[in-house]
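Participant: Submitted below is the structure of interest, expressed as structure tokens.
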Amino acid sequence: MAELIELRWRTRTVRLERGAIMGVLNVTPDSFSDGGQFLGLNAAVEQAGAMTAAGAAIIDVGGESTRPGAPVVTEEAELERVLPVIEAINGLRACGELDVLISTDTRKPAVARAALRAGADLVNDVTGLRDPAMREVCAEFGVPAVLMHMRGTPETLKWSQEAQPFTDVVIEVRDELAALAKQAMHAGVPSVILDPGFGFGKSVEQNLELIRRLGEIRALGYPLLLGASRKSTLGRITGVTASEQRDPASIAAHLYGLMTGADILRVHDVAGHAQAVKVWQRLGESK
Ligand code: HH2
178 MAELIELRWR TRTVRLERGA IMGVLNVTPD SFSDGGQFLG LNAAVEQAGA MTAAGAAIID
238 VGGESTRPGA PVVTEEAELE RVLPVIEAIN GLRACGELDV LISTDTRKPA VARAALRAGA
298 DLVNDVTGLR DPAMREVCAE FGVPAVLMHM RGTPETLKWS QEAQPFTDVV IEVRDELAAL
358 AKQAMHAGVP SVILDPGFGF GKSVEQNLEL IRRLGEIRAL GYPLLLGASR KSTLGRITGV
418 TASEQRDPAS IAAHLYGLMT GADILRVHDV AGHAQAVKVW QRLGESK
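At position 40 of the sequence shown (counting the first as 1) the number is 217 in our numbering, and the numbers step up by one without a gap.
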């Protein structure tokens, strides 16, 4: 039996196996890997169904790319992209056709609020709920949140892969995430999942060091999410320039991350990861 991790809502608790998969569903024209592929409602909902059938426990619906240089998306445009998709997935769940959690990948409080109203179960915020209004929304709806690490303040944050100066990247990311978690819990967010922010303002070596020493962040006692899927660090290591061809590299990075402390993997290739995770889970079972 695989180890379980607990996500808490105000009114319920969900237990997921370690190695649970969050499938990426970007409803954007410009995401670095799947941009433009799932812009139409039918294509997006079909992909959500395919990812669920392949083993995703969570579908992460995003309407704004975080790739370096991506244009800022207005609240209206982001809502227009993600709401119909969340409503449709929620509708399929209501009639028993899909069994999956929905997360809203946004840093905008109004988008998070509307997404939660439309049926999203949790919030995935790459800015770590730094904005007090984001903490308020999660507390008000009583939902868990993924707090990702990225250096900067809400005013100065820009999507950047320029490596930030860290003396010890793992200790500093751990301490910054601990402070964000404390802030969120204090505001009444029922539970949080921490994420080191692979590829966000970190060098290749810093990203690798984070994966090698995830256990030090896991020791804070919160579930840990890792999102290395198809990212440019993997391209730099392997020389594979087309991001959609980096799934084998993604699986290698994620399996290593599971060994060092990750609980949930945020991935594009759900089927490939589901196979790999099953084998990893069986290998970890004692006879
Ligand atoms: N990475 C991306 C977006 N959201 N959320 C979490 N929690 N962790 C991550 O590592 C993370 C994230 C970037 O990847 P992707 O969504 O594939 O691309 P884009 O931002 O271009 O849409």
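The beta carbon of each residue, even a glycine, is placed where N, CA and C say it ideally should be. Since the structure is predicted, the reported quantities are computational estimates derived from the model, not experimental observations.
Do A254 and G268 come within 9 Å of each other at the CB atom, strictly closer than that value?
Facilitator: no
Participant: Report the partner residues of L278 according to the DSSP bridge assignment.
Facilitator: I235
Participant: Which same chain residues, not among the five before or five after A426, have their C-beta less than 6 Å away from its C-beta?
Facilitator: L411, T415
Participant: Quick check: the Cα distance between T418 and P286, rounded to an integer number of angstroms?
Facilitator: 35 Å
Participant: Taking F377 as the reference, which of R244, E194, P206 has the closest Cα?
Facilitator: R244
Participant: Is the beta carbon of L402 within less than 8 Å of some heavy atom of the ligand HH2?
Facilitator: yes
Participant: Give the single residue among A225, T283, D446, I441 whose Cα lies nearest to the Cα of I182.
Facilitator: Ranking the options by Cα distance to I182, first place goes to I441.
Participant: Rounded to the nearest angstrom, what separates E317 and G365 at their Cα positions?
Facilitator: 8 Å
Participant: Of the residues G232, Q452, A361, which one's Cα is nearest the Cα of V201?
Facilitator: Among G232, Q452, A361, the Cα nearest to that of V201 belongs to G232.
Participant: Can the beta-carbon of I394 be found less than 9 Å from the beta-carbon of R328?
Facilitator: no
Participant: CB-CB under 6 Å to I266, same chain, minus the five flanking residues each way: which ones, in chain order?
Facilitator: A225, I279
Participant: Classify Q422 as buried or exposed, calling it buried when 16 or more other Cβ atoms lie within 10 Å of its own Cβ.
Facilitator: exposed
Participant: Whose C-beta lies closer than 6 Å to the C-beta of I235 among residues of the same chain, with five residues either side of it excluded?
Facilitator: M199, L278, S280
Participant: Measure the C-alpha to C-alpha separation of H431 and V456 and round it to an integer number of angstroms.
Facilitator: 13 Å
Participant: Is T243 near the ligand HH2, going by C-beta to nearest heavy atom under 8 Å?
Facilitator: Indeed, a heavy atom of the ligand HH2 lies less than 8 Å from the Cβ.
Participant: May I ask which residues mark the beginning and end of the beta strand (DSSP E) holding D424?
Facilitator: No beta strand (DSSP E) contains D424, which is instead part of the alpha helix (DSSP H) from 424-437.
Participant: Taking just the CA atoms, how far does H326 sit from T205?
Facilitator: 22 Å
Participant: Give the straight-line distance between the Cα atoms of L435 and A429, rounded to the nearest whole angstrom.
Facilitator: L435 and A429: Cα-Cα distance of roughly 10 Å.
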